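Notes follow the structure.
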């Protein structure tokens, strides 16, 4: 009987240690700072859109990229601000690149000129069939 209790206690202790290990090293990671990250790719918004349109599984997905171009619009959705580079009229509206900006850049993004070239850096989450999606974007001043 004592031997069974000892084995159960040791197994319980090992399980608690395994859970603590997984929590500490897997779930307890700091968030990546996309504002300070260096872009892997620097290209025009049009080129990024064309790359994804030609190959939806383009190598840019999952990386920090920097794009530039003249925005065609600024969209507001609740507390989000999205800078839009539209290049084609599709069945469901404009198609192009959509950049959701970080909270620190929302005021600046909301007042961007639709006539000047803008440089934006963000995490490219991929292509949804109509738009290249950039998240956690920051506006770069050059």
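Numbering (the numbering used here), first residue to last: 5 to 146. Yeah, the Cβ is synthetic: ideal placement off N, Cα and C, and Gly gets one too. None of these values were measured; they are calculated from a predicted model.
Within the same chain, 68, 69, 70, 125 come within 7 Å of residue 43 by CB-CB distance, once the 5 residues on both sides are set aside. Under the DSSP assignment, residue 98 falls in the beta strand (DSSP E) whose first and last residues are 97-105. If you draw a straight line from the Cα of residue 110 to the Cα of residue 39, it is about 13 Å long.
Within the DSSP secondary-structure output, residue 109 pairs in no beta bridge. When secondary structure is reduced to three states using DSSP, residue 93 falls in the strand class. Look at the beta carbons and you see the region 48-61 not touching the region 20-31: under three pairs across the two are nearer than 8 Å.
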